[in-house]
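The sequence shown begins at 10 in our numbering and counts up one residue at a time.
Glycine is no exception: its CB is placed at the ideal position from the N, C-alpha and C atoms.
Note that the structure is predicted; figures quoted are calculated from it, not measured.
Read through the structure below, which is laid out as structure tokens, and then see the notes.
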Amino acid sequence: MLWSEIVKNVQYWSTFFSLTFNIILLCLIVFKSPKRLGSYKYLMVYLVIFEIVYSITDVVASPSIYIHESVHMVFINQKNRSLNKSFLQFFLTFYCGCFGFSLCVFSVQFYYRYLVAFKSKILKTLNDWRIVFWFLCPLSYGVIWAIVSSCILYQTPEANEFVRYVILRDFDMNIEDIIFVGPYFYPQKNNGRYDFDIRSFLFYALLVQTIIPVMLIHIPVSILFLFTIFEIDVGNMADILSVTIAVFPAIDPLPTMFIIKNYRLRIWSFICFCKNQTLKNADTNLEIFVVN
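Okay, structure coming up:
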């Protein structure tokens, strides 16, 4: 409960400072922006207004995030709230949409700065009606995130029963007192153990197959680009990338072969069969030798 109070206080104070700083920044952008800033100030205004809305949404919804085994949930406590359940459900969905919006809007900011650094012609789109697409990109991303949260990751009876005890234990709340969204990855069924095993194998295979290209391709390529950017002469040492690229397709199949149980057992049975055949042939040759 102490942690919940800390989170709530941080949310309230963050909203206060967010509104204060963003309103000041909005006034500065509107009234004190240098002319050479150009159309970029409209993107700045767009971002500031979003952050004000996001802060208000955060303090009204006061969401909590909780993970229990295969459930990852964002929930609102509706008990002792003057707002009705439908309104809180909307705010939770809107909050998720704002989170998706934030992921995209900051990418748009960095993309703009990248274009400025390279003096791209794409910057001209900010000076006419095409600027609308700059605004629609994060907005559409936020809408998609909200739709996915409400239509796919909605609260289900199975998830309710799965987290009922832990919510009561950790928050002293009944499951009927909260509204949540979030994935329930491994619902319990009659064949739930089998499904869980299959998904676990695929997950671990995916994890290792993600690490392999990161270690052998992405990191070496990034390091070589950094050497070039900072004019560090490494000469033919750069050819190490040719080695890692050549090694990658040889190593990449191994996780799938040895992590998925059926494949692993088949490989081991084949190895054992070959070993047994070799031993049988050796015994046969030995018998022939003894007879002779």
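| Item | Value |
| --- | --- |
| What first and last residue would you give for the beta strand (DSSP E) that runs through Ser73? | 73-77 |
| Check whether the Cβ atoms of Gly191 and Tyr150 lie closer than 8 Å to each other. | no |
| Look at the alpha carbon of Ile61 and the alpha carbon of Asp242, and state the distance between them as a whole number of angstroms. | 48 Å |
| In whole angstroms, give me the CA-to-CA distance for Cys113 and Val57. | 14 Å |
| For Tyr163, which residues from the same chain have a beta carbon less than 8 Å from its beta carbon, with the 5 sequence-adjacent residues on both sides left out? | Val190 |
| Comparing alpha-carbon positions, which option in Trp22, Val157, Tyr213, Phe25 lies nearest Phe103? | Val157 |
| Looking only at its own chain, which residues have a Cβ that is under 6 Å from the Cβ of Tyr203, when we skip the five neighbours before and after it? | A caution first: Tyr203 carries a pLDDT of 49, below 50, which makes its placement in the model unreliable, though a value can still be read off. Cβ within range, chain order: n/a, list empty. |
| The beta strand (DSSP E) spanning Gln33 covers which residue range? | Checking the displayed sequence, the identity of residue 33 turns out to be Ile instead of Gln. From DSSP, Ile33 is part of no beta strand (DSSP E) but of the alpha helix (DSSP H) over 11-41. |
| What did DSSP end up calling Tyr163 once you bin it into helix, strand or coil? | coil |
| Measure the Cβ-Cβ separation of Phe96 and Ile187 and say whether it is below 8 Å. | no |
| Given a threshold of 16 other Cβ atoms within 10 Å of its Cβ, counted over all protein chains shown, does Gly47 qualify as buried or as exposed? | exposed |
| Given this structure, state the Cα-to-Cα distance separating Leu135 from Leu35, to the nearest angstrom. | 19 Å |
| Ile188 by DSSP, collapsed to three states: which one? | strand |
| Does the beta-carbon distance from Asn183 to Leu177 come in below 8 Å? | yes |
| Quick check on DSSP: helix, strand or coil for Ile246? | According to the sequence as given, residue 246 is Met; it is not Ile. In the structure shown, Met246 sits in a helix (DSSP, three-state: H, G or I). |
| Note the first and the last residue of the continuous beta strand (DSSP E) segment covering Ile131. | Looking at the DSSP string, Ile131 is not in any beta strand (DSSP E), and its letter there is neither H nor E. |
| Kindly indicate which residue of Val175, Ile254, Pro222 has the alpha-carbon position closest to the one of Val80. | Val175 |
| Where does the unbroken beta strand (DSSP E) through Phe236 begin, and where does it stop? | First-last for Phe236: 228-238, but that is the alpha helix (DSSP H), not the beta strand (DSSP E). |
| Rounded to whole angstroms, what's the CA-CA distance from Phe59 to Phe127? Just pull it up for me. | 28 Å |
| Mapping the DSSP letters down to three states, classify Phe194 as helix, strand or coil. | coil |
| Classify Asn183 as helix, strand or coil using the three-state DSSP reduction. | coil |
| Would you tell me roughly how many angstroms separate the C-alpha atoms of Ala255 and Leu233, rounded to the nearest one? | 17 Å |
| So, is Ala70 buried or exposed, given that buried needs 16 or more other C-beta atoms within 10 angstroms? | buried |
| For Ser111 and Leu92, I'd like the C-alpha separation in whole angstroms. | 26 Å |
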